[in-house]
Amino acid sequence: MATKGGCGCAAPATAAVDRCYCTVDDLVHAIGRKYTLPVLVRIGGGTARFTRLQRALGVSSSTLSETLDDLIRVGLVHRTVLDDRPPSTEYALTAAGKALRERLRPLLERVRAME
Numbered sequence: 120m121a122t123k124g125g126c127g128c129a130a131p132a133t134a135a136v137d138r139c140y141c142t143v144d145d146l147v148h149a150i151g152r153k154y155t156l157p158v159l160v161r162i163g164g165g166t167a168r169f170t171r172l173q174r175a176l177g178v179s180s181s182t183l184s185e186t187l188d189d190l191i192r193v194g195l196v197h198r199t200v201l202d203d204r205p206p207s208t209e210y211a212l213t214a215a216g217k218a219l220r221e222r223l224r225p226l227l228e229r230v231r232a233m234e
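Taking my numbering, the leading residue of the sequence shown gets 120, the next gets one more, and so forth.
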């Protein structure tokens, strides 16, 4: 019998598993997007503005926006709107984003070596 999970979904609850895994699903979905890893690499340990990310990745603004929104939602990226004229947006990795990037570094280096 399905009962409500902690987030309000209809996740099955058992004695052994009494919580849903929607947040894990959200994280896996965000990481699995085509441009997630390139975004994490481009932002790196600093900050990056939307238009510079878009140019560097050669991606449409809607695709980049969706990718960044997913990364913000799962807590890997932080968005700051700067009080410039015209207004601009800057993105930085959160502590969780930096930790994930460091854990992915060996994988990224291996992929580069295979190219």
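Don't be surprised by glycine CBs; every beta carbon is placed ideally from N, CA and C.
Just so we're clear, the structure is a prediction, and the values are computed from it rather than from any experiment.
When you compare only the Cα positions, how much space is there between residue i and residue j?
i: residue 169; j: residue 195; result: 16 Å
i: residue 161; j: residue 213; result: 14 Å
i: residue 209; j: residue 234; result: 31 Å
i: residue 226; j: residue 149; result: 17 Å
i: residue 201; j: residue 185; result: 20 Å
Is the Cβ-Cβ distance between residue i and residue j less than 8 Å?
i: residue 175; j: residue 197; result: no
So, with DSSP's three-state summary, where would you put residue i?
i: residue 178; result: coil
i: residue 199; result: strand
i: residue 209; result: strand
For the putative contact between residue i and residue j, defined by C-beta atoms under 8 Å, what is the C-beta separation to the nearest angstrom?
i: residue 164; j: residue 217; result: 7 Å
- Could you say if the segment 143-153 and the segment 171-189 meet the contact criterion of at least three C-beta pairs nearer than 8 Å? yes
query = Quick one: any contact between the segment 214-226 and the segment 172-183, if contact means 3 or more CB pairs under 8 Å?
reply = no
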